Each structure stands twice: as structure tokens, then as C-alpha cells.
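Heads up, the sequence shown is in my numbering, so the first residue is 1219 and it goes up one at a time. The C-beta atom is built at its ideal place from N, Cα and C for all residues, glycine as well. As the structure is a prediction and not an experimental result, all values here were calculated from the model. Working notes, beginning with the structure itself.
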Amino acid sequence: MGIETYKETNLHRQLKELYSGGNEYTEIKCGNWVCDIINKDGEITEIQTRNLSALERKVRDLTRTRSVRIIHPIIEKKTIEKTDKTGTKIISRRTSPKKETPEKIFKELTRLWPYINNPNFTILLVCCDIIELRRETEEKKSRGNNYTVENKTLTNINKEITLAGKDDFLATGKIPVGKDFTISDLKKAGNKYGGYTLWVLKKADLIRETGRQGRKKTYSLV
């Protein structure tokens, strides 16, 4: 069974329909795997809305012989709609203060970093807006509320960012060129995921430690 197909949200289905373009094959078996999309040139596309690490074995296997593209949404605006227990009446609607940025991808790469320089591996970040539908439940959840997420629906695509090779990943991580830098420099540049970024890029041998600036480690491009 393919990733998420057993519990496919509107968001997953919409992205699959959009990026299949009607000219590709969907839910096709390829070796030991079921793939979301295979185009006529044999390229595999996987829609993964969360937990990219779950794809590691699949990516490792398929990139040996095929090109693999992962499509991952970056939620720039999330509107939360809450319904009653029947799911038929909306009782509140608000915009979440949380906004994802492209650098979030590094949080998802803790098991996929070995493929950053693999020519058969690319990621397409879809920066978008969604509606998240939450339904009231009988019992409170662990975080103290009594709502459960029922669905996520795509409402707008703002832009796309392709990550294919080290230069794209370095640019997305806001890595300075030609000088040493610290995690604070990434934060000043707008990268809220500096710790993940440094860990992933260091594992991929794209940056190296060069010393310290006070208590903070300094890094440079390899």
C-alpha cells in the first residue's frame, strides 16, 4: 500500500491530481512499491504532506534506477474551521498564526540527506494556503482540546521551489557564500530551522565546522 493512500486527505488528493496532469499513471506498482505518479518518461513522483523520513527506504531503492521527485507542501497560510460533533455546522473560523517557510524542509531531511547530491532525487516545495477542518469530539485530546483534524484542503498555490542538487539546498537554507557563519546568521536571514539546516548540510558534507565565535560554532562551505 502506498504512503498515505489509506488515509488520503483532500490536500494529498488535490496535489496528486494537479501534478499528474492527466497524462501520467497514478497508484502504479513499481518493483516492491506502489508509487503515487509515474510519468511516461518513467519519472516517479511521490506526494508526501508530512514525515518525509518515512520515504527513505523507498527513495533508496527507486533512485538506483529511476528519477524520483517528492512533492511537499509548505503551508504559508492555514485557515482553521471547527465544526460541531456532526461535522455539518461550522462553529468557528480563524487564521492560524503559524506560518511555514521553505527552510522547514530541513526538518524533514534527517533521513534523506544522503540523497541531496543524487541526480535522481529532487524535491518540489509547493508553498500554499489550506483550510484545516477540525470536528468536535466527545473527549478531550492529549493537548487539552476536544477537536480532531478531519481534513485538509488546498485553496491556493503561491509559488513552487525546486530543490535539485546542493546549490538549491544551500540557497534554501540561506547559507552565506564566501564567509564563515553561525546559526545566528541563519536566524537573522529568516531561517527558523537553523539547527536542522546545519545538521543536515554537515551530514551531507556541504558545510564544515571552522571554529567558534564566542559560544557559537562557526561554519563555512566545503
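Contacting residues, own chain, Cβ-Cβ under 6 Å from residue 1431 (five flanking each side not counted)
1400
Three-way DSSP call (helix, strand, coil) for residue 1430 in this model:
Strand at residue 1430.
Contacting residues, own chain, Cβ-Cβ under 7 Å from residue 1294 (five flanking each side not counted)
Excluding residues within five positions, the ones whose Cβ falls inside 7 Å are 1317, 1318, 1345, 1346, 1347 and 1376.
Anticipated Cβ contact below 8 Å, residue 1423 with residue 1440, distance rounded
6 Å
For residue 1356 and residue 1288, the rounded distance between their alpha carbons:
37 Å
Measure the alpha-carbon distance for residue 1323 versus residue 1417 and round it to whole angstroms.
When rounded, the distance between both Cα atoms is 13 Å.
Can you name the residues that DSSP bridges to residue 1286?
1262 and 1339
Residue burial classification, residue 1222 (beta-carbon count within 10 angstroms, cutoff 16)
With a pLDDT of 38 at residue 1222, under the threshold of 50, the modelled position of that residue is not reliable, and no figure is offered here.
Integer Cβ distance of residue 1229 from residue 1372, believed to fall under 8 Å:
5 Å
Residue 1234 and residue 1265: beta carbons closer than 9 Å?
Yes. Within cutoff.
Beta carbon of residue 1437, beta carbon of residue 1426: below 9 Å?
yes
Let me know the secondary structure DSSP gives residue 1252 once reduced to three states.
strand
Nearest-angstrom Cβ-Cβ length linking residue 1343 and residue 1379, presumed shorter than 8 Å:
4 Å
Locate the beta strand (DSSP E) running through residue 1309, then write down its first and last residues.
1308 to 1313
In terms of residue numbering, what span does the beta strand (DSSP E) encompassing residue 1376 cover?
1365 to 1381
Rounded C-alpha distance that separates residue 1259 from residue 1279:
18 Å
Touch test, the stretch 1327 to 1342 against the stretch 1269 to 1278, Cβ-Cβ under 8 Å, three pairs minimum:
Yes, the stretch 1327 to 1342 touches the stretch 1269 to 1278.
How big is the Cα-Cα spacing for residue 1254 and residue 1350?
23 Å
Output the distance between the C-alpha atoms of residue 1337 and residue 1281, rounded to the nearest integer angstrom.
9 Å
Enclosing alpha helix (DSSP H) for residue 1279 [first to last residue]
1274 to 1280
CA-CA distance, residue 1412 and residue 1304?
Note on geometry: alpha-carbon atoms of residue 1412 and residue 1304 lie some 42 Å from one another.
Between residue 1353 and residue 1340, which are expected to be in contact by the criterion C-beta below 8 Å, what is the C-beta distance as a whole number of angstroms?
Actually they are not in contact, since the Cβ atoms of residue 1353 and residue 1340 sit about 36 Å apart, beyond 8 Å.
Whose CA, out of 1405, 1227 and 1397, lies closest to the CA of residue 1390?
1405
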